[in-house]
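Scroll down for the structure; my scribbles are underneath it.
Protein chains: 2
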Amino acid sequence: METLDTYKAILGEIGKLRSAKSLLAWDQQTHMPGAGSAARADALGKLSRLGFELATSDELGQCIEELEARDDLSDEEAASVRDVGRQYRRQKAIPPDLFEAFTIAQSKGQAAWAEARAKADFAHFRPNLEKLVDFARQFAEYYGYEDTPYDALLEPFEPGMTSRRLRKIIEPLKAELVPFLERIAAEGTPPDADVLVGSFPVNMQREMSRRTLEIIGYDYGSGALDDAPHPFTTEIAHGDVRITNRYEEDDPVSGLFGALHEGGHALYGQGMGENLYKLSLSDGASFGIHESQSRLIENQIGRSRPFWRFFQPIIGEFLPQLAGVDAEALYRAVNVVSPSLIRVEADEVTYNFHIMLRFELESALINGETAVADLPALWNDAMQRYLGVSPNDDADGVLQDVHWSMGAFGYFPSYMLGNLYAAQVATALRADRPNLDAEIEAGDFEPLVSWLREKVHQFGGVHRAEDLIRRITGEGLNAKHFIDYVVGKFSDIYRL
Amino acid sequence: METLDTYKAILGEIGKLRSAKSLLAWDQQTHMPGAGSAARADALGKLSRLGFELATSDELGQCIEELEARDDLSDEEAASVRDVGRQYRRQKAIPPDLFEAFTIAQSKGQAAWAEARAKADFAHFRPNLEKLVDFARQFAEYYGYEDTPYDALLEPFEPGMTSRRLRKIIEPLKAELVPFLERIAAEGTPPDADVLVGSFPVNMQREMSRRTLEIIGYDYGSGALDDAPHPFTTEIAHGDVRITNRYEEDDPVSGLFGALHEGGHALYGQGMGENLYKLSLSDGASFGIHESQSRLIENQIGRSRPFWRFFQPIIGEFLPQLAGVDAEALYRAVNVVSPSLIRVEADEVTYNFHIMLRFELESALINGETAVADLPALWNDAMQRYLGVSPNDDADGVLQDVHWSMGAFGYFPSYMLGNLYAAQVATALRADRPNLDAEIEAGDFEPLVSWLREKVHQFGGVHRAEDLIRRITGEGLNAKHFIDYVVGKFSDIYRL
Numbered sequence: 000m001e002t003l004d005t006y007k008a009i010l011g012e013i014g015k016l017r018s019a020k021s022l023l024a025w026d027q028q029t030h031m032p033g034a035g036s037a038a039r040a041d042a043l044g045k046l047s048r049l050g051f052e053l054a055t056s057d058e059l060g061q062c063i064e065e066l067e068a069r070d071d072l073s074d075e076e077a078a079s080v081r082d083v084g085r086q087y088r089r090q091k092a093i094p095p096d097l098f099e100a101f102t103i104a105q106s107k108g109q110a111a112w113a114e115a116r117a118k119a120d121f122a123h124f125r126p127n128l129e130k131l132v133d134f135a136r137q138f139a140e141y142y143g144y145e146d147t148p149y150d151a152l153l154e155p156f157e158p159g160m161t162s163r164r165l166r167k168i169i170e171p172l173k174a175e176l177v178p179f180l181e182r183i184a185a186e187g188t189p190p191d192a193d194v195l196v197g198s199f200p201v202n203m204q205r206e207m208s209r210r211t212l213e214i215i216g217y218d219y220g221s222g223a224l225d226d227a228p229h230p231f232t233t234e235i236a237h238g239d240v241r242i243t244n245r246y247e248e249d250d251p252v253s254g255l256f257g258a259l260h261e262g263g264h265a266l267y268g269q270g271m272g273e274n275l276y277k278l279s280l281s282d283g284a285s286f287g288i289h290e291s292q293s294r295l296i297e298n299q300i301g302r303s304r305p306f307w308r309f310f311q312p313i314i315g316e317f318l319p320q321l322a323g324v325d326a327e328a329l330y331r332a333v334n335v336v337s338p339s340l341i342r343v344e345a346d347e348v349t350y351n352f353h354i355m356l357r358f359e360l361e362s363a364l365i366n367g368e369t370a371v372a373d374l375p376a377l378w379n380d381a382m383q384r385y386l387g388v389s390p391n392d393d394a395d396g397v398l399q400d401v402h403w404s405m406g407a408f409g410y411f412p413s414y415m416l417g418n419l420y421a422a423q424v425a426t427a428l429r430a431d432r433p434n435l436d437a438e439i440e441a442g443d444f445e446p447l448v449s450w451l452r453e454k455v456h457q458f459g460g461v462h463r464a465e466d467l468i469r470r471i472t473g474e475g476l477n478a479k480h481f482i483d484y485v486v487g488k489f490s491d492i493y494r495l
Numbered sequence: 000m001e002t003l004d005t006y007k008a009i010l011g012e013i014g015k016l017r018s019a020k021s022l023l024a025w026d027q028q029t030h031m032p033g034a035g036s037a038a039r040a041d042a043l044g045k046l047s048r049l050g051f052e053l054a055t056s057d058e059l060g061q062c063i064e065e066l067e068a069r070d071d072l073s074d075e076e077a078a079s080v081r082d083v084g085r086q087y088r089r090q091k092a093i094p095p096d097l098f099e100a101f102t103i104a105q106s107k108g109q110a111a112w113a114e115a116r117a118k119a120d121f122a123h124f125r126p127n128l129e130k131l132v133d134f135a136r137q138f139a140e141y142y143g144y145e146d147t148p149y150d151a152l153l154e155p156f157e158p159g160m161t162s163r164r165l166r167k168i169i170e171p172l173k174a175e176l177v178p179f180l181e182r183i184a185a186e187g188t189p190p191d192a193d194v195l196v197g198s199f200p201v202n203m204q205r206e207m208s209r210r211t212l213e214i215i216g217y218d219y220g221s222g223a224l225d226d227a228p229h230p231f232t233t234e235i236a237h238g239d240v241r242i243t244n245r246y247e248e249d250d251p252v253s254g255l256f257g258a259l260h261e262g263g264h265a266l267y268g269q270g271m272g273e274n275l276y277k278l279s280l281s282d283g284a285s286f287g288i289h290e291s292q293s294r295l296i297e298n299q300i301g302r303s304r305p306f307w308r309f310f311q312p313i314i315g316e317f318l319p320q321l322a323g324v325d326a327e328a329l330y331r332a333v334n335v336v337s338p339s340l341i342r343v344e345a346d347e348v349t350y351n352f353h354i355m356l357r358f359e360l361e362s363a364l365i366n367g368e369t370a371v372a373d374l375p376a377l378w379n380d381a382m383q384r385y386l387g388v389s390p391n392d393d394a395d396g397v398l399q400d401v402h403w404s405m406g407a408f409g410y411f412p413s414y415m416l417g418n419l420y421a422a423q424v425a426t427a428l429r430a431d432r433p434n435l436d437a438e439i440e441a442g443d444f445e446p447l448v449s450w451l452r453e454k455v456h457q458f459g460g461v462h463r464a465e466d467l468i469r470r471i472t473g474e475g476l477n478a479k480h481f482i483d484y485v486v487g488k489f490s491d492i493y494r495l
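Taken in sequence, the protein lines are chains A and B. According to numbering that gives the first Met the number 0, the first sequence is numbered sequentially starting from 0. According to numbering that gives the first Met the number 0, the second sequence is numbered sequentially starting from 0.
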């Protein structure tokens, strides 16, 4: 067989196993009964092993080497070889014994973290975290890096991104938004959040989310909406991109924004052609770019005034207690700014501070500048510095996120980059479509989604994040767009 | 590794792939969006191929050979080697090229059957069916048999059963029940079926099924109930035995009996220990024994007078239109006898006639005594002979079942055997538990299910069907129990 055909055939086999694995993982969070969990872990382990064998096979390695030397590949094929080659070398870089020891440390780490969090006892988690940091540092050496070890861990989430660059991006954000948050607190007129207080039946919230996803263009013919403990989107296959969501009885909008957020991810997955799935390019340009698609729909659109002018009658239809609240009051109520302890509950102004703090701490850990034992005190200091709040205990502080317990270092910055990319893309979108607000207010999401398809979705992982942003906006990542967006929006809401 | 450990390890790997495959197949019928079907077929094909490779590996073959020669195995281990060995030899018996050609003929056959059925045009299906019969005849030669080729095809569904034996079983059934059916038609006082006429919301029927399954002891902690186009039960793993069901708005009980039927299958699956799953013995003693567990719960219990005395207030709670219908009227209405064209809608008196007809025809096809071209006429003749009805066209006649289009010959008798085993087991059950009726009327299903667990479920596939029936009832399969049950029950209902 011709090398390119062999390469595609191997990706095809990997894709089938990956699709099966995605379905098993999705079912684990949605429909699987509790007693099925042990057998499910075994089945998932088997599929992972089979996939790993294919993804690290000598045959694939030879294909990659031969294809990298060729100049007759299409853009998609070349991008595929670039990304698959990168992953192949990373997977081959780690000695199998070391990787196996790491997976054991991961599962011990997660168990210890869950216990430590329940007891708010960091000391219980500390030795596990020390081991996981040590693994990550060893991995970084195997992967290789130019500047700092942490850069080697950033790479899979945001290819091409470095700590140095991240620090430069953060600088103006911090300089502008820390004082802006202080100004909001000192001089702002806060929205009336009480309009959203009440008890709202979960089944009506679920139906409202279902309808909202339909409205924004999510296609149920190639997707599904299910309940899960944590919202997520999963690309099971081309033609099968599913969303999960959760609902809180005492909060009428957390489920709605969950649906909009996951809807943004899912539109990305549904907007890619089958070819991108076959070439292993369906994960998108980067984690940050993927997050930009969810944040754009959730915040730039879903938390905008035109959206609430459109959505006011709809929320009243599903949640009749809110039928009498006008659009402006709803818009203001979903945009309350409040420095809080918990990242996942943070508003648009404060969210990035939670990420800056985590980036500072985890990069210092990996680069050997900080000891695990010092984390709780450093965490609490940084919370004061950025947000002026202090956790009562480590459960609401350094133990709140699952990521480190899985040995996932380098993931957090993608959340912040998602916000920044989203604002920069939205600037270009508004320049291209001056009538966007009127369209949203009229409930016409088709022009918005078509624009995103054309500019972002259709390319999947063909262009690297930085290249994609340049193509769309004419410049590299620039935090100015986010700062302007946040300062403009919240100055208006808080009447500054 | 010791041979027995190697053997168990290979079964473990096969089990993981089989579990993943079951989940993908379940999802295909329940939650998968339509656009995901092409990718799903690919993923299922991949898992099948991997499972087939393991199930036909030389390593497994060597283990089987060595273990068959040993006498220190536990009962479970010996039964596992017996069944896995049998399947291994069957799979190895067919030349791979022939089997591949057969799988292509299967998928073409199913497509042609669906088209032929939609157009009520047997001629359109005929060449495909001829090919499938030819494959089956070739397979029978490879598998080997003592008496007729058809026996080789019966074997995987009902190990040890033969055509000769089936004919003997059918003889008294036919002799007693054909005249009994005529007597019902001529002299019986039919129940008033109109009490069940109306429109019954599907969501309430679904909740009623959910509650009913809970009442009979189905454990949602190791199962789930979902909607699907056709009801089925699937054992995804130990601890994960799921039911699907469907509901008809104009029929308040078809969904209920679907749930009871699948509930019977699922109690079997939930009643087997993890060891049986690990040893590949979780399919039960035979297809007929599995069907007996569903039929016992559906008919012997669910269509009994004590059940309806218990269930009358419950159906009224979910379907308020029926609250005023008394238990006796409900009991009679769910036991209407009516010779019909369609097997899956048949009552307890006529169901087996549909199977006798299919057995006659398919065994004659496989044994070369009948040509495919003659099927429609033979079908219609037999319908007259057994049931006194004639289909208007082949869609409601010879084209009604999917089985032959998949090349599945030898499957149908299991449905009849299920009814017969159920009646025979129920005789033993009633002898052991003289208070059964009172327990059911009080809604106490625990003694019933405990008895089934002890006598049937806990053994899974350890005992062959005939051995199991002997252990429970002291004799081999005997159709007399079914005849007595049906004649007694329906003489009372029809006041003969």
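Ideal Cβ positions, reconstructed from N, Cα and C, are used throughout, including at glycine.
Query, Result
"Test: G33 of chain B CB closer than 7 Å to a CB of chain A", "yes"
"DSSP three-state assignment for T188 of chain A, whether helix, strand or coil", "coil"
"Cross-chain neighbours of Y217 of chain A in chain B, by beta carbon under 8 Å", "The contacting residues do not exist; Y217 of chain A stays about 11 Å from chain B at best."
"Contact list for the segment 220–239 of chain A against chain B, Cβ threshold 8 Å", "G220, S221, G222, A223, D225, I235, A236, H237, G238 and D239"
"7 Å Cβ cutoff, D395 of chain A in contact with chain C", "In the displayed structure, chain C is absent; the protein chains listed are A and B."
"Between the CA atoms of M207 of chain A and T29 of chain A - distance to the nearest angstrom", "19 Å"
"7 Å Cβ cutoff, H456 of chain A in contact with chain B", "no"
"Contiguous alpha helix (DSSP H) assignments of at least 4 residues, all confined to the segment 359–388 of chain B", "374–386"
"Closer than 7 Å to chain A by CB, S281 of chain B", "no"
"Inter-residue Cα distance where the pair is F481 of chain A and R429 of chain A", "14 Å"
"Proximity test, Cβ basis, 7 Å: H30 of chain B and chain A", "yes"
"Interface positions of the segment 31–57 of chain B facing chain A (Cβ-Cβ less than 9 Å), listed along the chain", "M31, P32, G33, A34, G35, S36, A37, A38, R39, D41, A42, L43, G44, K45, L46 and L49"
"Residues from the segment 0–17 of chain A in contact with chain B, defined by Cβ distance under 7 Å", "E12, K15 and L16"
"Segments assigned alpha helix (DSSP H), at least 4 residues, entirely inside the segment 292–329 of chain B", "304–317"
"Within 7 Å, strictly: CB atoms of V80 of chain B and E67 of chain B", "yes"
"Reference M382 of chain B; option with closest CA among B:K107, B:A345 and B:W403", "B:A345"
"One or two residues paired with V335 of chain A in a DSSP bridge", "V335 of chain A pairs with nothing; no bridge assigned."
"Buried/exposed call for K15 of chain A, threshold 16 Cβ in 10 Å", "buried"
"Option nearest S570 of chain B by Cα separation, candidates B:A441, B:I215 and B:P375", "No statement about residue 570 of chain B is possible, as the shown extent of chain B runs from 0 to 495 and does not include it."
"Under 9 Å by beta carbon: chain A residues contacting A575 of chain B", "The shown model of chain B, from 0 to 495, leaves out residue 575 of chain B, and the question about it has no answer."
"Which listed residue (B:L224, B:P155 and B:S339) has its alpha carbon closest to that of R88 of chain B", "B:P155"
"Neighbourhood of T233 of chain A by C-beta distance below 6 Å, restricted to the same chain and skipping five residues each side", "S21, W25 and R241"
"Residue closest to T472 of chain B, alpha-carbon to alpha-carbon, out of B:E181, B:G417, B:V194 and B:T426", "B:T426"
"Runs of beta strand (DSSP E) wholly within the segment 108–154 of chain A (minimum 3 residues, chain order)", "none"
"Interface flag, A19 of chain B vs chain A, CB-CB below 7 Å", "yes"
"Simplified DSSP assignment, three categories, for Q280 of chain B", "Sequence check: residue 280 of chain B is Leu here, not Gln. Here L280 of chain B sits in coil by DSSP."
"E12 of chain A classed as buried or exposed, judged by whether at least 16 other C-beta atoms fall within 10 angstroms", "buried"
"C-alpha gap between S413 of chain A and E65 of chain A, whole angstroms", "33 Å"
"Contact belief for L258 of chain B with L212 of chain B at Cβ below 8 Å, rounded distance in angstroms", "Correcting the residue type first, residue 258 of chain B is Ala in the shown sequence and not Leu. About 6 Å separates the two Cβ atoms, so the contact holds."
"Three-state secondary structure (DSSP) of T243 of chain B", "strand"
"Pairwise C-alpha distance: D393 of chain B and A139 of chain B", "28 Å"
"A54 of chain A - containing alpha helix (DSSP H), residue span", "S36 to A54"
"Residue environment, S285 of chain A, which counts as buried when at least 16 other CB atoms sit within 10 Å", "buried"
"Alpha helix (DSSP H) segment containing A430 of chain B, residue limits", "P412 to D431"
"Cutoff 6 Å; reference R308 of chain A; Cβ partners in own chain excluding five residues on either side", "A326 and E440"
"Whole-angstrom distance between R166 of chain A and A328 of chain A, CA atom to CA atom", "37 Å"
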